[in-house]
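S.K.: What follows is a structure written as structure tokens; I'll ask about it next.
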Ligand SMILES: C[S@@+](CC[C@H](N)C(=O)[O-])C[C@H]1O[C@@H](n2cnc3c(N)ncnc32)[C@H](O)[C@@H]1O
């Protein structure tokens, strides 16, 4: 993404992100000032590409801290230790190969994949989750490469993969285009991306959640929708399972 389109995409959202960050840090005065600046149009003038990029980095850092805190305090409600039936269905219908778990959390699905004969690799940006995953894998006698990395960079990932799994990570990523660029780099042609995410109640709201335009963005990255199963998550938000396949070209 070039810096001016980056700026225009994130100009409005960056104000929301900053509001979100300041709300988290309880700075009501700063938050009021930003609201005023946004209303008066002054925000547009000061939200340069580098300011937007800095805000995105700040937001990512805060998200990482929040996830680490959840794992440290054992308050990670998604971390049920149970592999969902949709992953078992995928494994039953496809031969084992190499799988990458993006945002692997504490490694539950890495263990299930390895037990079904897959060679697994996984990463998470929350280092606390990674250390728990390593312990669990060691206890289960599974030899797997698990490390701390960011889904928008995938610096340490060793492609190619027949399956990339993403349960609850992609929907929270701000810079989804960077994630998709990395995903298509590490997937083998014809490889699958199995993903679960929830949708935003309002596409204009900041914060995690898919919006319909994300599905167009995915398709523009050479991925074809194979199946989709809609439902509701535990908090009554619309959610869906998607299976995408990277083009063979
Ligand atoms: C809802 S949890 C799901 C964890 C795991 N997939 C599971 O099903 O238990 C989302 C995970 O994605 C990780 N995550 C979020 N953003 C990430 C990023 N940019 N790069 C790597 N991991 C990320 C979080 O730390 C968290 O562990």
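Residue numbers (our numbering): 147 to 395. Glycine included, C-beta positions come from ideal geometry on N, C-alpha and C.
1. Of the choices 349, 364, 373 and 345, whose alpha-carbon is the least far from that of residue 380?
2. According to DSSP, is residue 267 helix, strand or coil?
3. So is residue 263 in contact with chain D if we call contact Cβ pairs under 8 Å?
4. So is residue 295 buried or exposed if we call it buried at 16+ other beta carbons inside 10 Å?
5. Residue 365 lies in the alpha helix (DSSP H); which residues open and close that run?
6. So, is residue 350 buried or exposed, given that buried needs 16 or more other C-beta atoms within 10 angstroms?
7. Rounded to the nearest angstrom, what separates residue 383 and residue 390 at their Cα positions?
8. Between 327, 386, 352 and 385, which has its C-alpha nearest residue 363's C-alpha?
9. Indicate the three-state DSSP secondary structure (helix, strand or coil) for residue 245 in the structure shown.
10. I need the DSSP call for residue 331, collapsed to helix, strand or coil.
11. Check for me: the beta strand (DSSP E) holding residue 386 runs from which residue to which?
12. On the three-pair Cβ rule with 8 Å, is the stretch 280 to 291 touching the stretch 204 to 213?
13. For my contact list, residue 313 and residue 255 are in at a C-beta cut-off of 8 Å; report their separation, rounded to the angstrom.
14. Residues in the same chain with beta-carbon distance under 6 Å from residue 367, minus the five sequence neighbours each way, listed in chain order, please.
15. Should residue 388 go down as buried or exposed, given a rule of 16 or more other Cβ atoms within 10 Å for buried?
16. From 257, 357, 240 and 262, pick the residue whose C-alpha is nearest to that of residue 339; which is it?
17. Since residue 333 and residue 354 are thought to touch, with beta carbons under 8 Å apart, how far apart are those beta carbons, to the nearest angstrom?
18. Do residue 253 and residue 279 count as a contact pair if the criterion is CB distance below 8 Å?
M.R.: Reading off the structure:
1. Taking each of 349, 364, 373 and 345 in turn and checking the Cα distance to residue 380, the smallest one comes out for 345.
2. strand
3. Of the chains in the structure shown, none is chain D; there is only one protein chain.
4. buried
5. 358 to 365
6. exposed
7. 22 Å
8. Ranked by Cα distance from residue 363, the options 327, 386, 352 and 385 are led by 327.
9. Looking at residue 245 - three-state DSSP - the assignment turns out to be strand.
10. helix
11. 384 to 392
12. no
13. 7 Å
14. 326 and 330
15. buried
16. 240
17. About 23 Å separates the two Cβ atoms, so there is no contact after all.
18. yes
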